[in-house]
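Asker: All residue numbers for the sequence shown refer to the working numbering, where the first residue is 132 and numbers rise by one.
Before I ask anything, here is the structure I am working with.
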Amino acid sequence: MHIHSAIFQCSSQKIGQCPEGTLPEFAFIGRSNVGKSSLVNMLTDKPGLAKVSGKPGKTRLINHFLIDGRWYLVDLPGYGYARVSKNAREEFSKLITDYVLKREQMCLLFVLVDSRLEPQRIDIDFINMLGENGVPFGIVFTKCDKQGVNQTASNIARYKRKLHETWETLPPIFATSSEKREGRDQILSFIERCLSECE
Ligand SMILES: Nc1nc2c(ncn2[C@@H]2O[C@H](COP(=O)(O)OP(=O)(O)O)[C@@H](O)[C@H]2O)c(=O)[nH]1
Ligand SMILES: [Mg+2]
Numbered sequence: 132m133h134i135h136s137a138i139f140q141c142s143s144q145k146i147g148q149c150p151e152g153t154l155p156e157f158a159f160i161g162r163s164n165v166g167k168s169s170l171v172n173m174l175t176d177k178p179g180l181a182k183v184s185g186k187p188g189k190t191r192l193i194n195h196f197l198i199d200g201r202w203y204l205v206d207l208p209g210y211g212y213a214r215v216s217k218n219a220r221e222e223f224s225k226l227i228t229d230y231v232l233k234r235e236q237m238c239l240l241f242v243l244v245d246s247r248l249e250p251q252r253i254d255i256d257f258i259n260m261l262g263e264n265g266v267p268f269g270i271v272f273t274k275c276d277k278q279g280v281n282q283t284a285s286n287i288a289r290y291k292r293k294l295h296e297t298w299e300t301l302p303p304i305f306a307t308s309s310e311k312r313e314g315r316d317q318i319l320s321f322i323e324r325c326l327s328e329c330e
């Protein structure tokens, strides 16, 4: 799939402020700093579209990007950022669960995890919550350029074993590097297939 136009549409503080209408949405979620905004920029080929930050915990809003006037990429706030108040954390967490469980336009959620880390409790809990609620999702391993291909492969295999402890079937899995533009074609073709099924 080729993306011709990608434009920032709006930032929403709650799900009620998200765009109306029926255009399908593909959303990115994951821990703060995992590479959500970088992935939005890499997929759309627009380096400054979503704000990338060295400092975690920056995006506290739901950002909608309109793609080819036909569907949305959605950059969700990061979860699990410790250095904010408990109140603020509960607010994000409500925002995220509201979006993930209630947003009817959401076709698929991409859960981003850092390819270098062993499975993290917070991600596994989140993934299990998605599975239990029947939310369609895929897993995107990020920052693969920061280690060798063998290490990435073995970390992904370890992740799959971890998920198999709970789930018989696994979601689609993508290995990516926003730096090296890896995984781009796989994700875009996958989105295209989903679009043709949900349109
Ligand atoms: N080497 C490398 N760095 C990345 C990659 N993706 C993101 N980063 C860096 O990780 C940091 C956080 O990225 P960002 O996209 O803002 O993460 P977000 O908080 O999940 O939106 C930034 O310093 C990025 O430059 C990647 O694929 N490779
Ligand atoms: Mg971000």
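Ideal Cβ positions, reconstructed from N, Cα and C, are used throughout, including at glycine.
1. Ile-193: buried (16+ other C-beta within 10 angstroms of its C-beta) or exposed?
2. Phe-196 and Ala-288 look like a contact to me (Cβ under 8 angstroms); what is the Cβ gap, rounded to whole Å?
3. Are the Cβ atoms of Leu-174 and Ile-318 separated by less than 8 angstroms?
4. For the putative contact between Leu-294 and Trp-202, defined by C-beta atoms under 8 angstroms, what is the C-beta separation to the nearest angstrom?
5. Is the distance from the Cβ of Phe-157 to the Cβ of Leu-239 below 8 angstroms?
6. I'd like to check one pair, Leu-243 with Thr-273: are the Cβ atoms closer than 8 angstroms?
7. Comparing the CB of Asp-254 with every heavy atom of ligand 1, is any distance shorter than 7 angstroms?
8. Could you please give the first and the last residue of the uninterrupted alpha helix (DSSP H) stretch that includes Asp-256?
9. Using the C-alpha atoms, what's the distance from Leu-170 back to Pro-178?
10. Is it the case that the CB of Lys-167 approaches a heavy atom of ligand 4 more closely than 7 angstroms?
11. If you compare alpha carbons, which of Arg-252, Phe-139, Met-260, Cys-275 is closest to Val-205?
12. Thinking C-alpha only, which one of Asp-316, Glu-310, Lys-225, Glu-323 is nearest Ser-168?
Answerer: Here's the rundown:
1. buried
2. So it is not a contact: roughly 33 angstroms between Cβ atoms.
3. yes
4. With 8 angstroms as the limit, Leu-294 and Trp-202 do not qualify as a contact, their Cβ atoms being about 28 angstroms apart.
5. yes
6. yes
7. no
8. 252–263
9. 10 angstroms
10. As for ligand 4, it is missing from this structure, which binds only ligand 1 and ligand 2.
11. Phe-139
12. Glu-310
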